[in-house]
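Counting along the sequence shown from 1, when you hit position 51 you're at 50 in numbering that gives the first Met the number 0, and nothing is skipped either side.
Every residue gets a Cβ at the ideal spot worked out from N, C-alpha and C, and that includes glycine.
Computed from a predicted structure; not experimentally measured.
Take a look at the structure set out below.
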Amino acid sequence: MVPRPELTASERMASRVSPEDPTLRFMKDGTFHISIFEDLHFAEDDETDAKSRQVMSSILAVERTNFVVLNGDLVSGERTQKFNSSQYVVSAISPLVNEGYLWASAYGNHDSEINLDPKEDVFNTERRHRNCLTQSRVSGPEAGITNYYLPVFSHSAPNTSKPALILWFFDSKGGHYYQKSGEGGLSVKRRSWVDESVVEWFTSTKSKLKAEFGIVPSLAFYHIPVHAMLEYQRGGLHPHRNPGSNRESVNPQGTLGWSYDSQDMKFMKALVETEGLVAGFSGHDHLNDWCFKWDESLTEHGLTGNGINLCYGRHTGYGGYGNLTRGSRQILLHEANLRDKTETWVRLEDGTISAHVTLNSTYGQDSYPAVTNR
Numbered sequence: 000m001v002p003r004p005e006l007t008a009s010e011r012m013a014s015r016v017s018p019e020d021p022t023l024r025f026m027k028d029g030t031f032h033i034s035i036f037e038d039l040h041f042a043e044d045d046e047t048d049a050k051s052r053q054v055m056s057s058i059l060a061v062e063r064t065n066f067v068v069l070n071g072d073l074v075s076g077e078r079t080q081k082f083n084s085s086q087y088v089v090s091a092i093s094p095l096v097n098e099g100y101l102w103a104s105a106y107g108n109h110d111s112e113i114n115l116d117p118k119e120d121v122f123n124t125e126r127r128h129r130n131c132l133t134q135s136r137v138s139g140p141e142a143g144i145t146n147y148y149l150p151v152f153s154h155s156a157p158n159t160s161k162p163a164l165i166l167w168f169f170d171s172k173g174g175h176y177y178q179k180s181g182e183g184g185l186s187v188k189r190r191s192w193v194d195e196s197v198v199e200w201f202t203s204t205k206s207k208l209k210a211e212f213g214i215v216p217s218l219a220f221y222h223i224p225v226h227a228m229l230e231y232q233r234g235g236l237h238p239h240r241n242p243g244s245n246r247e248s249v250n251p252q253g254t255l256g257w258s259y260d261s262q263d264m265k266f267m268k269a270l271v272e273t274e275g276l277v278a279g280f281s282g283h284d285h286l287n288d289w290c291f292k293w294d295e296s297l298t299e300h301g302l303t304g305n306g307i308n309l310c311y312g313r314h315t316g317y318g319g320y321g322n323l324t325r326g327s328r329q330i331l332l333h334e335a336n337l338r339d340k341t342e343t344w345v346r347l348e349d350g351t352i353s354a355h356v357t358l359n360s361t362y363g364q365d366s367y368p369a370v371t372n373r
């Protein structure tokens, strides 16, 4: 596809939500556009950090982005020192701060390491900026940080009215505890799955929202994919029904040095039991960027999907492994038919578009052009 010309300054400004009023709203034309920046991995070296910032800026220059999601691994925490960790978070968010975009984050396994404190160095650094909507709503030693939701309202509706859309964020954790050493002086690993306490909060909160507002369409963001994606991948992806890069095995929650024992079962169950949940978006596996509709039973769990769409983002940063063209998953929502269809595509650094699909009732049956591994 031919690269899209850059937006004019006035076009870019018109697509943004004002930090003076950080309430998320659909645009006047009934659309809401999300750009996901995935696996940025700042702190590996100055050159890759500069290239990562350029990827972010180049994509924002051509997409009519209303809101940005940083979906994990903002920083390669294992490459930082205690005294300089937060400066890499500042660097990672600088394109958003400088251009005035609202954003929110779900942290990844590299965002917590022995010299990188996910609360002080990452969360508190983000929260110093008025553009940042990242929150932390679940306390407890195993909960992680970024578990919360954000409502998105109709263009002219008051922020006390029924949301048109809910965005859920979950911390899938992993990595290592900050400044904590175990046997032999080794850093202590964190559980690499959404904690049970978070699932309980999610279940309780969505029930309260349903009681107050009825069923509200929603999306979910979490860094490490769920096991359903691995089972689907084992069955074989179709290049025309699941277009995208599929160059590595799915590494789901409950791995990363742990023996998988259905640790994400309760989280998956909560997702499929969420009425109105259209799609879940993850990253973590840098060589994958496909989607699938989960409407079959998992062989290992006996849990049947309800038609929720599960998608990867796209490796955005020049830090981390992988040699695919960097990019960013885009999500375009239309308020008039939120439950019926969601458009999504990958915008590549060179300006071209890859795997533009519509997540609707026939996704998984519809045929799209196959994607080369670029």
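| Check | Outcome |
| --- | --- |
| Anticipated Cβ contact below 8 Å, isoleucine 214 with glutamate 274, distance rounded | 5 Å |
| Span separating the alpha-carbon of histidine 222 from that of alanine 105 | 7 Å |
| Reference asparagine 114, options Gly76, Thr298 and Asp170, closest by Cα | Gly76 |
| Buried or exposed by the 16-neighbour rule on C-beta atoms within 10 Å, applied to glycine 363 | buried |
| Cβ separation of threonine 315 and isoleucine 330, assumed to be a contact under 8 Å, to the nearest whole Å | So it is not a contact: roughly 14 Å between Cβ atoms. |
| Top-ranked residue by Cα proximity to glutamine 178, from Lys188, Lys172, Val151 and Ile307 | Lys188 |
| Residue burial classification, asparagine 322 (beta-carbon count within 10 angstroms, cutoff 16) | exposed |
| Boundaries of the alpha helix (DSSP H) in which asparagine 123 is found, first to last residue | 123–126 |
| Alanine 278 and serine 196 closer than 7 Å at C-beta | no |
| Sub-7 Å separation of aspartate 288 and glycine 306 beta-carbons | no |
| Status (buried if at least 16 other CB within 10 Å, exposed otherwise) for glutamate 125 | buried |
| Simplified DSSP state of isoleucine 144, which is helix, strand or coil | coil |
| Entirely enclosed alpha helix (DSSP H) segments - the segment 42–112, minimum 4 residues | 45–59 and 84–98 |
| Whole-Å CB distance - valine 74 paired with valine 54, under 8 Å assumed | Actually they are not in contact, since the Cβ atoms of valine 74 and valine 54 sit about 16 Å apart, beyond 8 Å. |
| Residue from Met228, Ile352 and Lys27 whose Cα sits closest to the Cα of phenylalanine 152 | Lys27 |
| Continuous beta strand (DSSP E) stretch holding glycine 234: start and end | Glycine 234 -> not in any beta strand (DSSP E); alpha helix (DSSP H) instead, spanning 226–234. |
| Reduced DSSP secondary structure (H/G/I, E/B, other) of glutamate 211 | helix |
| Under 7 Å between C-beta atoms of glycine 256 and glutamate 37 | no |
| Where phenylalanine 82 falls, given that 16 or more other Cβ within 10 Å makes a residue buried | exposed |
| Between the CA atoms of leucine 270 and leucine 309 - distance to the nearest angstrom | 11 Å |
| Residues near glycine 282 by beta carbon distance below 6 Å, same chain, minus five either side | Glu37, Asp38, Asn70, Gly71, His222 and Gly312 |
| Minimum length 3: unbroken beta strand (DSSP E) runs contained in the segment 316–357 | 326–333 and 340–347 |
| C-beta neighbour in chain D for methionine 55, strict 7 Å | Of the protein chains in the structure, only one exists, and it is not chain D. |
| Where phenylalanine 266 falls: helix, strand or coil (DSSP) | helix |
| DSSP-derived helix/strand/coil call for lysine 172 | coil |
| Segment contact, 8 Å Cβ cut-off, at least three pairs: the segment 91–108 with the segment 342–353 | no |
| Extent of the continuous beta strand (DSSP E) to which alanine 219 belongs | 217–220 |
| Residue closest to arginine 240, alpha-carbon to alpha-carbon, out of Ser135, Ala354 and Leu302 | Ala354 |
| Span separating the alpha-carbon of glycine 253 from that of aspartate 260 | 7 Å |
| Residue environment, methionine 0, which counts as buried when at least 16 other CB atoms sit within 10 Å | Below a pLDDT of 50, predicted positions are generally treated as unreliable, and methionine 0, at 44, falls in that range; no measurement from the model is reported. |
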